[in-house]
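Protein chains in written order, with the working numbering: chain E, 1 to 637; chain B, 638 to 886.
Yeah, the Cβ is synthetic: ideal placement off N, Cα and C, and Gly gets one too.
Quick caveat, the model's predicted, so the values are computed rather than measured.
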């Protein structure tokens, strides 16, 4: 199938309005005849569910948590970008578009990025109206901070809990619709398959995680807002139960998966402390507004940080990138940290960290200001490490964080399966090869609240005469049987290797070879290791218990089974792209001073992969055109 | 280090539960409390035994999913921590820890340490929101909000909805949870329009869900991971009484 992004006609700045002016919409009286399934209760899925329910559609929302308020959007800390230009520092929708395209290393879709920047302005108004207590100046007006990769202050924040506050506003909007009866919640339910009938997405097969029952649900359209799959690395900043299964099952039903290998490795997470570790807590990028990153100039310098004088410190980001300094984008900051650690300058007991130091800022601004800006982050740091970061520098390290890749979607956020939509981190289009800080909350929110509700109507306008979708069809029978067979197969392995241990080993392979720095030999090795782990998993995984009630080991095993396939596609994708761009750094393609070398002639495309029934993947290219921005070498020097 | 764990095992809401003893060795003080349970579960899985079910997700103190009572204290011994933020350095080598679910009539046990907290969702559904629809908001800076009021609203809005306040309260009251939402929205100009109806609907839902009454003991605020303040309950009572004496509009 040829890819058609369906980008609307007209100048870039008019495309979205042109689309809205002409797209088909559904009569309010007909909306109640239409069922929509939304999977995921975070900012993208929850926003879509609430907004669609407000419009009068019958919406069913599914999520595995006990409440939508716990979706992983909750953990985003630093902020949300919007081109309000409240600081009078020359910001504009175009500048935000420019920064995002450049930040993504010219590998995102122009029209989508511009639309995201355009919608950002209304999002702040929307969230303020919903009661989000954004940070404010003493004048009472909204305050901003800066994030990496930009020269303006366009990030709105609610202390270090911006994601939580946006999510709670979205959750509350959902609860309002539950009360009004247009939204039905299915908490503690996990999606195990997408049902496709006559080429259209018509429902899902889910497992009730309390009773263990496998259920069928039908709808006229299905929306996936299921987030990213960074937990594939086991150690990541993601929540323990975040997973890639819904998107992967959709892929296996025909949805193309785009740029799967582009994973953002976040530069400022807490370093791993030992083998038992399950999670790498993120320390918000906003800390780089006031924190300075350094390592000792001398290798294996074992002095306490306070005993190392300034002349013995290497503020390597300020040295290498004087224009942006500590606020270079995440891919650049992570790679620079890796370079220093690999060269023997890492700090901490495992030499796997760098310092993030607030001494200069505290001397200049005082402890109280730093406390107001980042108090909860310092508290979080103390709770986990027992270290007071007001007195000594934080130790931070790169960790897997965000999936720029995801299901391929067109301008309407529709996947290659008609009637199946993907919003937020689950799709791919906006961030290119590297996401800018505070664009994630933005993308999730605008996809869910503003974009999808307006684009899905174009599809649904043809569904008003369809009537209820039956679940009593061969397609539902077949999908349910496949799901039940897999559950049975997992429970019959009865091996001796705990699921988490296989997952940890997969994560190590992926972090070593398919993360910050990649080369052909390493990735070929990784593919073999992944295949071995997959074999071991299906032969020897230890999955105790049964399917008659809650069984966390069974849930984890199902997710890991998918990760063991996603991992291979990630390596295949990274192997096929013989250039360096954004987070995708191929060692074979770099300058003498270690900067990425892009190949625009041969690789200016998004790679959309088609599942070929487990026998390899077929590559489809969406060529990228840049008409409104000059394509340049990305430099932050 | 070594620890003895007495863990509440219960098949489902109707089954009878009991404490089962497990011994773990080779623990490190740097491990988080939940990583210790991961380790126990790996050992159980290898033996083919059903693992201990417990709720957890973000493991950084913000999602509110973890919900354990350790040695009688909701979320464990450290004040204002979540269970996931608790590390084994808070215990001594050789200690015995009793691990139970959050207990309250409104939180039925699902299995082992997992409880059903949808009763808290029901309180929010009753009115814990601003009824504005997507797409109708005015420009955000048209309504300046005093810095201190916004900060104070945030203090209340920070509630993670974990239910430790309920598990701690001798009356199993959710007053702190409920009042945090009432206070958050009542403090902001955007939330003032519906303040009278909101507090009444939410308080009624709270009582209908079987949560107990507040007797101002204050134990809830002592354990709250986000340090939501007891004054929010006073604020809720003010809002409630105010709603009885004023007609909005």
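Leaving out the 5 sequence neighbours to the left and right, which residues in its chain are closer than 6 Å to residue 77 (chain E) when beta-carbon positions are compared?
160 and 284.
Taking the alpha helix (DSSP H) that residue 659 (chain B) falls in, what are its first and last residues?
Element bounds for residue 659 (chain B): not the alpha helix (DSSP H) but the beta strand (DSSP E), 655-661.
Nearest CA to the CA of residue 818 (chain B): which residue from E:432, E:43 and E:131?
Closest by alpha carbon: E:131.
Tell me where the alpha helix (DSSP H) around residue 149 (chain E) begins and ends.
No alpha helix (DSSP H) contains residue 149 (chain E), which DSSP labels as neither H nor E.
Excluding sequence positions up to five away, which residues of its chain have a Cβ less than 6 Å from the Cβ of residue 643 (chain B)?
Excluding sequence neighbours, residue 643 (chain B) sits near 656, 658 and 735.
Check the Cβ of residue 920 (chain B) against every Cβ in chain E and list those closer than 8 Å, keeping chain order.
Outside the displayed range of chain B (638 to 886) lies residue 920 (chain B), so it cannot be described from this structure.
Does the beta carbon of residue 770 (chain B) come closer than 8 Å to any beta carbon on chain E?
Yes, residue 770 (chain B) counts as interfacial toward chain E.
Between residue 39 (chain E) and residue 224 (chain E), how many whole angstroms is the CB-CB distance? I'm expecting something under 8 Å.
Residue 39 (chain E) to residue 224 (chain E), Cβ: 5 Å. Contact.
Do the segment 138-151 of chain E and the segment 307-318 of chain E make contact, defined as three or more Cβ pairs closer than 8 Å?
Counting Cβ pairs under 8 Å, fewer than three are found: no touch.
Count the other CB atoms within 10 Å of the CB of residue 90 (chain E); is the residue buried (16 or more) or exposed (fewer)?
So residue 90 (chain E) counts as exposed.
Can you list the residues of chain B that residue 278 (chain E) reaches, using a CB-CB cut of under 8 Å?
Those are 669, 671, 672, 675 and 696, listed as they occur along chain B.
Within its chain, find whatever has a CB closer than 8 Å to the CB of residue 633 (chain E); leave out the 5 residues flanking it on each side and keep chain order.
Closer than 8 Å at the Cβ level, and outside the excluded window around residue 633 (chain E), lie 598.
Work out the CA separation of residue 570 (chain E) and residue 772 (chain B) for me, nearest whole Å.
The straight-line gap from Cα to Cα measures roughly 38 Å.
Specify, as a first and last residue, the run of the beta strand (DSSP E) that residue 130 (chain E) falls within.
Premise fails: residue 130 (chain E) is in no beta strand (DSSP E) and is neither H nor E.
Quick check on the DSSP output: what are the complete alpha helix (DSSP H) runs of length 4 or more inside the segment 311-363 of chain E, in order along the chain?
Segments of the alpha helix (DSSP H) lying fully in the segment 311-363 of chain E: 316-320 and 330-340.
Could you check what DSSP says for residue 371 (chain E) in three-state terms: helix, strand or coil?
In this structure, residue 371 (chain E) counts as helix in the three-state DSSP scheme.
For residue 820 (chain B) and chain E, any beta-carbon pair shorter than 8 Å?
No, residue 820 (chain B) does not count as interfacial toward chain E.
Within the present structure, is the beta-carbon of residue 702 (chain B) separated from the nearest heavy atom of the ligand FMN by less than 7 Å?
For the ligand FMN, the structure offers nothing, since it holds no ligand at all.
Which of the three DSSP states, helix, strand or coil, is assigned to residue 261 (chain E)?
Note: residue 261 (chain E) maps to coil in three-state DSSP.
Taking buried to mean at least 16 other C-beta atoms within 10 Å of its own C-beta, is residue 886 (chain B) buried or exposed?
Low confidence applies to residue 886 (chain B): its pLDDT is 43, below 50, so where it sits in the model is not reliable, and the reading given next is rough at best. That one is exposed.
In this structure, what does DSSP give as the bridge partners for residue 738 (chain B)?
Note: residue 738 (chain B) sits in a beta bridge opposite B:705.
Evaluate contact between the segment 485-494 of chain E and the segment 663-680 of chain B, counting only Cβ atoms and requiring at least three cross-stretch pairs below 8 Å.
The answer is no - the segment 663-680 of chain B does not touch the segment 485-494 of chain E, with fewer than three Cβ pairs under 8 Å.
Between residue 762 (chain B) and chain E, is there a C-beta pair that is closer than 8 Å?
For residue 762 (chain B), the answer is yes, since a Cβ of chain E falls inside 8 Å of its Cβ.
Pick helix, strand or coil for residue 622 (chain E), following the three-state DSSP scheme.
It is a strand residue.
Can you round the beta-carbon distance between residue 308 (chain E) and residue 296 (chain E) to whole angstroms, since I take them to be within the 8 Å contact cut?
About 6 Å separates the two Cβ atoms, so the contact holds.
Closest to residue 494 (chain E) by C-alpha separation, out of E:421, E:169, E:387 and E:539, would be which residue?
Answer by Cα proximity: E:539.
Looking only at its chain, what residues have a beta carbon closer than 6 Å to the beta carbon of residue 50 (chain E), apart from the 5 residues adjacent to it on each side?
Result list for residue 50 (chain E): 173, 174 and 177, in chain order.
What span of residues does the beta strand (DSSP E) with residue 501 (chain E) cover, start to end?
It is not in any beta strand (DSSP E) - residue 501 (chain E) instead sits in the alpha helix (DSSP H) that spans 499-513.
Spatial neighbours of residue 123 (chain E) within its chain, please: CB distance less than 8 Å, with the 5 preceding and 5 following residues excluded, ordered by chain position.
Excluding sequence neighbours, residue 123 (chain E) sits near 80, 82, 442, 445, 446, 449 and 450.
Can you pull the chain B neighbours of residue 652 (chain E), defined as C-beta to C-beta under 8 Å?
Residue 652 (chain E) lies beyond the stretch modelled for chain E, which goes from 1 to 637, so this question has no answer here.
To which residues of the same chain is residue 878 (chain B) closer than 8 Å at the C-beta, ignoring the five residues directly before and after it?
Around residue 878 (chain B): no qualifying Cβ.
When you compare only the Cα positions, how much space is there between residue 117 (chain E) and residue 431 (chain E)?
Computed Cα separation, rounded: 12 Å.
Can you check whether the CB of residue 5 (chain E) is closer than 8 Å to the CB of residue 610 (chain E)?
Not in contact: residue 610 (chain E) and residue 5 (chain E) (Cβ atoms no closer than 8 Å).
Under 8 Å, with one C-beta from each stretch per pair, do the segment 809-818 of chain B and the segment 697-717 of chain B reach the 3-pair mark?
Touching, no.
Give the DSSP-derived three-state secondary structure of residue 142 (chain E) in the structure shown.
Residue 142 (chain E) falls in the strand class under three-state DSSP.
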